[in-house]
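In the working numbering, the protein residues as written are 1 to 119.
I have placed the structure first, in the form of structure tokens, so that the comments after it can refer back to it.
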């Protein structure tokens, strides 16, 4: 981390560009913008997957970081609430009153992995 900040400091006053390979990687934009601004660039731009550029202003980064912090806090609260719900269900008895006919079962795996890239 120190080396990254040292290198950014060395680039102080330069133009910095943060490139994203696709839309899924833009979730990291607030963090990357903060790192880039730590280097005190003369100019900061984001480059999207189509090579279109967008200038970044300091107040935009502050707003994005505030949104990220708010979303993180909401996630922490939701996690605690889910933990309480699970604890309440832990000791409960599951009813198996459903009639079973036949010997075949259909299982649907509905777990979606957005943004996963391999290879």
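For every residue, glycine included, the Cβ atom is placed at its ideal position computed from N, Cα and C.
Check: DSSP has residue 46 in a bridge; who is on the other side?; Outcome: 18 and 54
Check: Could you spell out the range, first to last residue, of the alpha helix (DSSP H) harbouring residue 23?; Outcome: Looking at the DSSP string, residue 23 is not in any alpha helix (DSSP H), and its letter there is neither H nor E.
Check: Quick one, are the C-beta atoms of residue 30 and residue 61 less than 8 Å apart?; Outcome: yes
Check: Out of 21, 27 and 94, point me to the one whose CA is closest to residue 53's CA.; Outcome: 21
Check: Along the alpha helix (DSSP H) that carries residue 27, what are the first and last residues, could you check?; Outcome: Element bounds for residue 27: n/a, residue is neither H nor E.
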